[in-house]
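J.: Residue numbers (the numbering used here): 3 to 319.
Glycine included, each C-beta is placed from N, C-alpha and C at the ideal position.
Quantities reported herein were computed from a predicted structural model and do not represent experimental measurements.
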DNA sequence: AAGGCGGGGGT
DNA sequence: ACCCCAGCCTT
């Protein structure tokens, strides 16, 4: 049984949904690749990387067998490089469990998927739904915002609902037998109409059902049409170009730019990472590289002697 | 509960 | 100068 609200959004999605590459497949590997790439990363930037990645690693078997260095190279431009490492480890876990000879070795339930590295509550639900067509509810930033507005009201009206409350709303909304379309549809609405800034309620198919729109559309609250943020004062923070995060990125990028399998000494790497490099920075650089090595993003090749400058590092083969 | 983790785009 | 983006993991 589908309600009028559900049918309205499903019809809107059928007519207006974007033709995204991962919506054309139910291959769990391809769906997984897309979902990992889409974590905190916009659709438009993922699309070309998704195609290129699948060209390099067409199946879970090939990804599992690849050199980590090549997987890290393929991740360039996506950010959050640990996702690449975790994705390959997930592929290795699936293959070691017997996939594809045993298709059941690829987990198809949220609980089973949740056990794979890099897969949290959202991604587990999304893969169960989008690859295995299970009628499950899950929350990403789009679904959370749509459900928040639809079932609770404007973000400007406290109190902020608990995550569990929003998830309960989301679960009630999933039309039995149509979880795939429903979850794609509600995410699509959040991405294209019910946006964080300047939601376009005038072209929203659900506005007559929406708790937030009820408030926003009343004459004396026009001022709240734009959800305004509390505007908390924030302590002045360090410029991004001075953060660990920035230099971790620079280090991995420098190793990507080097020919495959080349190791760089810290003395060689330093000037590539900061223009004002002097040997004074050696301990700082060694510490950053050690952190990256702990994450599996780089590997120490040699740490001979006590001369930090001669320690060398490469992408992990 | 908070902080770390990348990078690009929008306003 | 912020904010936002198909989050996850560790502490």
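In this structure, does DSSP put residue 61 in helix, strand or coil?
T.: Residue 61 sits at position 59 when you count from the first residue of the first chain. It is coil, neither helix nor strand.
J.: With 16 as the cutoff for other CB atoms within 10 Å, does residue 230 come out buried or exposed?
T.: In the first chain, counting from the first residue as 1, residue 230 sits at position 228. Low local confidence applies: a pLDDT of 49 at residue 230 is under 50, so the model's placement there is unreliable, and no value is given.
J.: Short check: CB of residue 111 to CB of residue 130, under 9 Å?
T.: Mapped onto the first chain, residue 111 falls at position 109. Mapped onto the first chain, residue 130 falls at position 128. Going by C-beta atoms, residue 111 is nearer than 9 Å to residue 130.
J.: Between the beta-carbon of residue 198 and the beta-carbon of residue 257, is there less than 9 Å?
T.: Reading the first chain from its first residue, position 196 is the one you call residue 198. Reading the first chain from its first residue, position 255 is the one you call residue 257. No, these two residues do not count as a Cβ contact at 9 Å.
J.: Could you name the residues that DSSP lists as bridge partners for residue 316?
T.: As a working mapping, residue 316 is identified with position 314 in the first chain. DSSP, once it has assigned bridges, lists 301 as partnering residue 316.
J.: Going along the chain, which residues of its own chain have a beta-carbon closer than 7 Å to the beta-carbon of residue 146, five neighbours each way excluded?
T.: Here residue 146 refers to the residue found at position 144 of the first chain. Cβ within range, chain order: 168.
J.: So residue 80 and residue 39 are in contact, right, with Cβ under 8 Å, and what is the actual spacing, rounded?
T.: Translated into the one-based positions of the first chain, residue 80 becomes position 78. Translated into the one-based positions of the first chain, residue 39 becomes position 37. About 6 Å; that satisfies the 8 Å criterion.
J.: As a quick exercise: from 175, 294, 182 and 248, pick the residue whose alpha carbon is nearest that of residue 212.
T.: Start at 1 with the first residue of the first chain, and residue 212 comes out as number 210. Nearest C-alpha to residue 212 among 175, 294, 182 and 248: 175.
J.: Which of helix, strand or coil does DSSP assign to residue 22?
T.: Taking the first chain and counting its residues from 1, one reaches residue 22 at position 20. Reduced to three states, the DSSP call for residue 22 is coil.
J.: Do three or more CB pairs link the stretch 279-288 to the stretch 74-89 at distances below 8 Å?
T.: They do not touch, by the three-pair rule.
J.: Beta-carbon within less than 7 Å of residue 318's beta-carbon, same chain only, minus the 5 sequence neighbours each way: which residues are those?
T.: As a working mapping, residue 318 is identified with position 316 in the first chain. Counting only Cβ-Cβ distances below 7 Å, and skipping sequence neighbours, we find 70, 71, 298, 300 and 301.
J.: Just mark residue 308 as buried or exposed, buried being the case when its beta carbon has 16 or more other beta carbons within 10 Å.
T.: Counting from 1 along the first chain, the entry for residue 308 is found at position 306. Result: exposed.
J.: Report back the beta-carbon spacing between residue 294 and residue 250 to the nearest angstrom; my notes put them in contact at under 8 Å.
T.: In the first chain, residue 294 corresponds to position 292, counting from 1. In the first chain, residue 250 corresponds to position 248, counting from 1. Yes, they are in contact, since the Cβ atoms of residue 294 and residue 250 sit about 6 Å apart, within 8 Å.
J.: So what's residue 110 in DSSP terms, helix, strand or just coil?
T.: Here residue 110 refers to the residue found at position 108 when the first chain is read from its first residue. Residue 110 falls in the coil class under three-state DSSP.
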